[in-house]
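Take a look at the structure set out below.
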Amino acid sequence: MENSKDNFSEWYTEIIDKAELSDRRYPIKGMNVWLPYGLKIMQNIDALIRREMDSRNFKEVSFPLLISREQLEVEFEHVRGFGDQLFWVTKGGSEPLDIELALRPTSESAMYPMFSLWIRTHADLPLRVYQIVNTFRYETKHTRPFIRVREIHFFEAHTAHATYDDAENQLKEYTDVFMKLCETMLISPIAHRRPDWDKFPGARYTIAFDAIMPSGRTLQIGTIHQYGDNFSRHYDIAYADEQGNRNLVSQTTYGMSERLIAALISIHGDNNGLILPPKFAPIQVVIVPIPPVDDIMRAYVEKVKSDLESYGFRVHVDDRDNYTPGYKYNDWEMRGVPVRFEIGNREVRDSSVTAVLRTGGKRKIPASDIGNALSALILEIEEKLREASSNMNSRFAMKCSKFEDLKKENTVSTAFWCGRKDCSDKIETDADKNCLGFVEGSAKSGKCIVCDEPGKEATFAKTY
Ligand SMILES: [Zn+2]
0 MENSKDNFSE WYTEIIDKAE LSDRRYPIKG MNVWLPYGLK IMQNIDALIR REMDSRNFKE
60 VSFPLLISRE QLEVEFEHVR GFGDQLFWVT KGGSEPLDIE LALRPTSESA MYPMFSLWIR
120 THADLPLRVY QIVNTFRYET KHTRPFIRVR EIHFFEAHTA HATYDDAENQ LKEYTDVFMK
180 LCETMLISPI AHRRPDWDKF PGARYTIAFD AIMPSGRTLQ IGTIHQYGDN FSRHYDIAYA
240 DEQGNRNLVS QTTYGMSERL IAALISIHGD NNGLILPPKF APIQVVIVPI PPVDDIMRAY
300 VEKVKSDLES YGFRVHVDDR DNYTPGYKYN DWEMRGVPVR FEIGNREVRD SSVTAVLRTG
360 GKRKIPASDI GNALSALILE IEEKLREASS NMNSRFAMKC SKFEDLKKEN TVSTAFWCGR
420 KDCSDKIETD ADKNCLGFVE GSAKSGKCIV CDEPGKEATF AKTY
């Protein structure tokens with residue numbers, strides 16, 4: 000890598016290009032091409048989410064991409080929130096359309112007219128669906144692959160419940176799902192209840208999960224929303240209870256995007272390139288045969304590969320003739336492959352492999368028990384990455400007791416805050432930090448760092 004991770008922005012762009020995750024040269028701003036390696040990482044994330052949602056009895060659906068102006072304008076607060084971000088389709092061929100169509104920015108207005116038809120009685124509840132589709136938002140700010148794009152790889156879950164309390168419980172389940180995902184990704188974001196002026200358009204409240212990035216800024220990587228009956232009132236989503244009374248449903252949503260990849264590569268990478276958490280790595284172990292390669296070595300490599308595959312590992316043999324082993328080592332390190340097996344004549348002779356861990360360290364392991372040995376190495380790598388990401392969080396986190404502390408650059412500051420916008424505005428203007436909201440689950444209280452009124456623990460940071 001030419002750029003050190005200390006120059007995060009340059010490092011990030013370089014790794015996207017070099018590791019061939021995304022091609023930024025597509026001629027439409029904010030729309031990039033998913034390259035095979037990047038797409039595979041995303042698919043591994045999606046697969047884990049799918050498994051988790053399916054096991055909790057959510058049903059996967061796929062709604063149309065286009066939403067009519069009529070569907071959209073049902074819920075005004077929601078539409079106002081997205082007004083400037085919509086892409087419109089106004090012509091079919093050369094004919095202007097009678098009904099203008101928008102590309103979905105998110106799918107409330109696509110799904111809820113259908114929910115209104117699907118839900119009749121309490122027996123239809125809870126209704127719980129999700130989809131993984133592309134959404135479109137006309138971003139005017141500077142775009143950046145996986146962080147700010149106009150065509151978004153989007154996961155969205157939508158539910159409808161008989162009572163507000165059931166919807167509250169749903170939010171708890173979302174939190175469990177999200178935290179489990181992050182644990183597998185070996186990162187630990189912070190949950191915040193967004194201030195009212197920053198919640199999702201149409202939501203009663205929003206809880207967002209913010210990852211601390213190596214630049215000291217935070218990246219919102221997941222959100223869950225309590226809608227109450229804000230949407231069901233407008234889309235007429237109601238059910239008949241046991242007495243035959245008509246009640247509006249309470250609704251929730253849960254959203255995530257390819258920002259998960261942005262967090263994954265940024266938090267774990269180093270000056271040599273990517274380091275992929277083993278569960279998401281397209282290649283978990285790369286085998287590099289060391290010349291001279293003869294038929295005996297080829298057969299040995301093949302045997303090791305098939306043994307590993309029988310354990311379910313994703314294995315690749317780099318048998319390219321025209322590159323030196325040294326070149327191959329650097330190349331796979333840059334691409335973040337967690338483990339490399341080097342196999343030369345010595346290894347063939349004593350029936351072993353030399354294992355090199357992407358997080359550091361070299362071991363000789365016997366080929367006889369290769370599957371279990373690799374499992375142990377992977378656990379070791381996961382532990383190292385978990386520790387490193389938690390250390391990074393601590394490095395940027397700063398508890399602030401006086402206003403001057405907030406001004407320290409590249410820190411994610413916690414301070415007591417009263418919840419008023421003018422206090423948060425003052426922090427934004429004078430300390431150049433955004434209010435992420437109250438720390439979810441924190442019971443700590445104290446005087447607001449701006450006005451001295453009673454406050455609760457909140458976070459202020461520069462955001463992406
Ligand atoms: Zn205040």
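Position 392 of the sequence shown, counting from 1, maps to 391 under numbering that gives the first Met the number 0, and the rest follow consecutively.
Backbone N, C-alpha and C fix where the C-beta goes; we use that ideal spot for every residue, glycine too.
Just so you know, these numbers come straight off a predicted model, no measurement behind them.
- Could you name each continuous alpha helix (DSSP H) segment of 4 residues or more that falls completely within the region 317-360, going from the start of the chain to the end? 324-333 and 344-348
- Item | Per-residue DSSP class, three states only, for F7 | Locating residue 7 in the sequence shown gives position 8, where the first residue counts as 1. Helix at F7.
- Message: Need the endpoints of the alpha helix (DSSP H) that Y234 sits in, please.
- Response: Here residue 234 is taken as the residue at index 235 of the sequence shown, counted from 1. Per DSSP, Y234 belongs to the alpha helix (DSSP H) from N229 to Y234.
- Could you tell me whether any non-hydrogen atom of ligand 1 is closer than 8 Å to the CB of W416? Here residue 416 corresponds to residue number 417 of the sequence shown, with the count starting at 1. Indeed, a heavy atom of ligand 1 lies less than 8 Å from the Cβ.
- Query: Any chance the CB of G454 is under 8 Å from a heavy atom of ligand 1?
  - Reply: The sequence position of residue 454 within the sequence shown is 455, counting from 1. Yes, ligand 1 has a heavy atom inside 8 Å of this Cβ.
- Message: Short of 8 Å in beta carbon distance, which residues of its chain neighbour P365, apart from the five on each side in sequence? Order them along the chain.
- Response: Numbered from its first residue, the sequence shown carries residue 365 at position 366. If you ignore the 5 residues before and after P365, its C-beta comes within less than 8 Å of the C-beta of S350, S351 and A372, all in its own chain and listed in chain order.
- Would you check if the distance between the CB atom of L218 and the CB atom of R258 is smaller than 9 Å? As a position in the sequence shown, residue 218 is number 219, starting the count at 1. As a position in the sequence shown, residue 258 is number 259, starting the count at 1. Yes. Within cutoff.
- According to the neighbour-count rule (16 or more other Cβ atoms, all chains shown, within 10 Å of its Cβ), is G325 buried or exposed? To locate residue 325, count along the sequence shown from 1; it is residue 326. The C-beta of G325 has fewer than 16 other C-beta atoms within 10 Å across all chains shown, which makes the residue exposed.
- Check whether the region 180-187 touches the region 195-207, taking contact to mean three or more Cβ pairs, one atom from each stretch, closer than 8 Å. As far as the Cβ criterion goes, the region 180-187 does not touch the region 195-207, which means the pair count is below three.
- Message: Buried or exposed, going by whether 16 or more other CB atoms sit within 10 Å of the CB of Y322?
- Response: Translated into the one-based positions of the sequence shown, residue 322 becomes position 323. Exposed is the call here.
- Item | Check: C450 C-beta below 8 Å from any heavy atom of ligand 1 | Within the sequence shown, residue 450 is the residue found at index 451, counting from 1. Yes, the beta carbon of C450 sits closer than 8 Å to at least one heavy atom of ligand 1.
- Query: Going by Cα to Cα distance, which pick from I118, A298, I286 and G311 is closest to D235?
  - Reply: In the sequence shown, residue 235 corresponds to position 236, counting from 1. Answer by Cα proximity: I118.
- Can you give, in chain order, each stretch of the alpha helix (DSSP H) that sits fully within the region 25-82 and has at least 4 residues? 35-54, 68-71 and 75-81
- Query: Ordered along the chain, which non-local residues of its own chain (more than five positions away) have a Cβ less than 8 Å from that of R245?
  - Reply: For the purposes of this step, residue 245 is identified with residue 246 of the sequence shown, where counting begins at 1. Here the set comprises A237, Y238 and A239.
- First and last residue of the alpha helix (DSSP H) that includes N390? Locating residue 390 in the sequence shown gives position 391, counting from the first residue. Per DSSP, N390 belongs to the alpha helix (DSSP H) from I369 to F395.
- V181 CB to nearest heavy atom of ligand 1 below 8 Å: Start at 1 with the first residue of the sequence shown, and residue 181 comes out as number 182. In the sequence under discussion, the amino acid at residue 181 is Cys, which differs from the Val named in the question. False, no ligand heavy atom lies under 8 Å from that Cβ.
- Measuring CA to CA, which of R394, I260, Q84 and A354 is closest to Y11? Here residue 11 is taken as the residue at index 12 of the sequence shown, counted from 1. The shortest Cα separation from Y11 among R394, I260, Q84 and A354 belongs to I260.
- Message: Looking at ligand 1, does it come within less than 8 Å of C447, judged from the CB to the closest heavy atom?
- Response: Position 448 of the sequence shown, counting from 1, holds the residue named residue 447. Yes, the beta carbon of C447 sits closer than 8 Å to at least one heavy atom of ligand 1.
- Query: Which term fits T222, buried or exposed, when burial requires 16 or more other beta carbons within 10 angstroms of its beta carbon?
  - Reply: Counted from its first residue, the sequence shown places residue 222 at position 223. Answer is buried; the Cβ neighbour count reaches 16.
- Query: Does ligand 1 have even one heavy atom less than 8 Å from the beta-carbon of R334?
  - Reply: Reading the sequence shown from its first residue, position 335 is the one you call residue 334. No, the beta carbon of R334 sits no closer than 8 Å to any heavy atom of ligand 1.
- Item | As assigned by DSSP and simplified to three states, the class of E257 | Position 258 of the sequence shown holds residue 257. Coil.
- Query: Is the region 408-418 touching the region 285-294 in the sense that three or more CB pairs, one from each, lie closer than 8 Å?
  - Reply: Between the region 285-294 and the region 408-418 there are fewer than three inter-stretch CB-CB distances shorter than 8 Å, so the stretches are not counted as touching.
- Starting from the Cα of G37, find the closest Cα among D330, E99 and A18 and give me that residue. Mapped onto the sequence shown, residue 37 falls at position 38. Minimum Cα distance to G37 is reached at A18.
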